[in-house]
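Q:
Numbering (my numbering), first residue to last: 1281 to 1575.
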């Protein structure tokens, strides 16, 4: 009798243990499910509560939701161009020194008009007064009207500048007459070719020889100062303090050989897909360099 009772108590005890384990497992499963459900409920509630706040912080996005994707295209563009202008002005003021005249020497085949136009506009935006564009094949000079149109377009796209409000002097080779007015601070863009380099020296030398032959000058008057004066009169622009060379060729390729005696050269791998940061880095390197000027 006692044995049966002990066996019954043992079975009952084991049954109670099984029920306890089942109860714990069920409780744990329900706890996890409840926590997960609460988390999703909280996330949904937070999204509903915070979405209006986020839309207040981004009114352009809110307006797009209310009025469609194209309703605010112009204000967004204006903000982008305004930010680009302000950044260029700020960067220009932060530079230790800015060249008055910068040369863009393209030592690559098949020049890209939009990329060079970008660099020209950035140069003008940071406060550079003279920009010379040069390639040793004279492609830009032969198609200077195309380059001018690209500059005008990039001014509008990058800076939000209307060509009727701002003007740039665009000078052709061998002439200082204004071809077009493109920006108000009157920065000057000039397109050069090899004819503006060595050939200019040849022409000035021939001019001196003719003046001696016609007895307008004495051969004693011919010196470096006289040659320098005539060359500067023919160009009517200051010597470039900085030339940014694009391409792998380690050569000036005939870029104004008389005017670059004191010029700082900085090389960039390519003018294609060149960024504003690339140009700014070159200007910062120029600002940090010490020019001894022969001392």
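Yeah, the Cβ is synthetic: ideal placement off N, Cα and C, and Gly gets one too.
(1) Can you list, in chain order, the stretches of the beta strand (DSSP E) that have 3 or more residues and sit fully within the region 1485-1524?
(2) Inspect the CB distances between the region 1477-1493 and the region 1542-1554 and report whether three or more fall short of 8 Å.
(3) Please tell me whether residue 1566 and residue 1379 are closer than 8 Å, where the distance is taken between their beta carbons.
(4) Mapping DSSP to helix, strand and coil, what is residue 1382?
(5) Helix, strand or coil for residue 1304 per DSSP?
(6) Identify the continuous alpha helix (DSSP H) that holds residue 1419 and give its terminal residues.
(7) Which class does residue 1468 belong to by DSSP, given the choice of helix, strand or coil?
(8) Could you tell me the alpha carbon to alpha carbon distance between residue 1552 and residue 1375, rounded to whole angstroms?
(9) State buried or exposed for residue 1467, treating a residue as buried only when at least 16 other CB atoms are found within 10 Å of its CB.
(10) Answer yes if the region 1418-1427 comes into contact with the region 1519-1527, meaning at least three C-beta pairs across the two stretches below 8 Å, and no otherwise.
(11) Given 8 Å as the limit, is there contact between the region 1397-1417 and the region 1362-1370, that is, 3 or more CB pairs closer than that?
(12) Determine the direct distance from the alpha carbon of residue 1298 to that of residue 1325, and round the result to whole angstroms.
(13) Please list the terminal residues of the continuous alpha helix (DSSP H) segment that includes residue 1563.
(14) Please state if the CB of residue 1477 and the CB of residue 1561 are separated by a distance shorter than 8 Å.
(15) May I have the straight-line CA-CA distance separating residue 1505 from residue 1436, to the nearest angstrom?
(16) Compare the beta carbon distance of residue 1536 and residue 1571 with 8 Å and say whether it is the shorter of the two.
(17) Applying the criterion that 16 or more other CB atoms from any shown protein chain within 10 Å of the CB defines a buried residue, is residue 1410 buried or exposed?
(18) Looking only at C-alpha atoms, which of 1479, 1384, 1496 and 1497 sits nearest to residue 1398?
(19) Roughly how many whole angstroms lie between the Cα atoms of residue 1479 and residue 1494?
(20) So the alpha helix (DSSP H) residue 1406 belongs to, where does it begin and stop?
(21) Report the option in 1555, 1474, 1501 and 1289 whose CA atom is closest to the CA atom of residue 1387.
(22) Pop quiz: residue 1428 and residue 1396 are said to be a contact at Cβ under 8 Å. What is the actual Cβ separation, rounded to whole angstroms?
(23) Would you mind giving the Cβ-Cβ distance between residue 1400 and residue 1484, rounded to the nearest angstrom? I have them listed as a contact below 8 Å.
(24) Using the C-alpha atoms, what's the distance from residue 1532 back to residue 1557?
(25) Smallest Cα separation from residue 1517: which of 1294, 1472 and 1287?
(26) If we call anything under 8 Å between Cβ atoms a contact, is residue 1522 one with residue 1382?
(27) Would residue 1511 and residue 1481 be called neighbours here (beta carbons separated by less than 8 Å)?
A: For this structure:
(1) none
(2) no
(3) yes
(4) strand
(5) helix
(6) 1419-1422
(7) strand
(8) 25 Å
(9) buried
(10) no
(11) yes
(12) With a pLDDT of 48 at residue 1325, under the threshold of 50, the modelled position of this residue cannot be trusted, and the question is left open.
(13) First-last of the alpha helix (DSSP H) with residue 1563: 1556-1568.
(14) Result no, Cβ atoms of residue 1561 and residue 1477 do not sit closer than 8 Å.
(15) 43 Å
(16) no
(17) buried
(18) Nearest of 1479, 1384, 1496 and 1497 to residue 1398, Cα basis: 1384.
(19) 22 Å
(20) 1393-1406
(21) Comparing Cα-Cα distances from residue 1387 to each of 1555, 1474, 1501 and 1289, the minimum goes to 1474.
(22) The pair is not a contact, with the Cβ atoms about 12 Å apart (cut-off 8 Å).
(23) About 28 Å separates the two Cβ atoms, so there is no contact after all.
(24) One Cα belongs to residue 1557, the other to residue 1532, and the distance between them is close to 24 Å.
(25) 1472
(26) yes
(27) yes
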